[in-house]
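What follows is a short report on a single structure.
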Amino acid sequence: MLNAILVADLLTLKSARVPTIRMTETVEMAATLLNRERIGAVVVKDACGSEGDTVVGIFSERDLVRAIADRGIASLRAPVAELMSRNMISCAMQDTVDHVRALMDEHHVRHLPVLQDHQLVGVLSIRDVLAHDVRLAARASATLGSVAAGMQAPAPSLSS
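Numbering (the UniProt record's numbering), first residue to last: 1 to 160.
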């Protein structure tokens with residue numbers, strides 16, 4: 001695909017700051033962070049193994065709801081490590097948006113951490129992918145509108 005949009009292209013449209021949480025923090029802290037940052041998931045990093053910079057999982061709104069449904073309000077005091085998704089699906093800067101969409105669909109996830117050389121460089125959400133799709137559709141619609149307008153223009157006069 002010649003003009004494929006890459007993950008790197010989408011990340012340029014987002015803030016460079018990526019909220020994270022340590023695996024030892026409580027679920028309540030994670031919920032507060034999700035609410036404050038207005039995000040649906042937060043990447044979880046280790047607490048000490050590599051200066052706290054290794055991505056070890058992701059904690060999402062779904063994980064929060066599941067925890068409260070299964071364990072009740074006491075789950076808010078549990079460490080994020082107990083309830084996060086450890087089988088984290090991620091993508092890379094050079095992946096295409098189509099590949100990201102397929103990963104999200106196949107694994108039933110709405111957030112993908114973006115890793116480069118095993119380092120977290122961003123997070124793409126289904127909202128980011130859908131916003132990209134809307135931009136493409138708007139461009140295609142504008143192009144088709146221009147073509148249609150050109151086809152409806154009166155034919156040039158051939159009088160001499």
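Idealized CB from N, CA, C, for every residue including glycine.
It should be emphasised that the depicted structure is a prediction, and the values quoted were computed from it without experimental measurement.
Mapping the DSSP letters down to three states, classify residue i as helix, strand or coil.
i	result
G40	coil
residue 162	For residue 162 there is no data in the structure shown, the boundaries of the chain being 1 and 160.
S15	coil
I126	helix
V109	coil
A92	strand
T54	coil
M1	Legend: pLDDT at M1 = 46, less than 50; position of this residue unreliable, value from coordinates given subsequently. DSSP places M1 in coil when its eight states are reduced to three.
Which residues mark the beginning and the end of the alpha helix (DSSP H) in which residue i is found?
i	result
V65	61–71
L83	80–83
Should residue i and residue j be called a contact, given that it needs their Cβ atoms to be closer than 8 Å?
i	j	result
A137	V7	no
V114	L103	no
L76	T20	no
R101	V55	no
residue 162	V43	Because the chain here runs from 1 to 160, residue 162 falls outside it and cannot be looked at.
A69	L83	no
residue 176	G40	Because residue 176 is not part of the residues shown, which for the chain are 1 to 160, the question remains open.
A30	V80	yes
What does DSSP give as the partner residue(s) for residue i in the beta ladder?
i	result
Q119	Q116
T26	P79
L6	T96
Residue i CB to nearest chain C CB: under 8 Å?
i	result
V7	Here chain C cannot be found, since the structure has a single protein chain.
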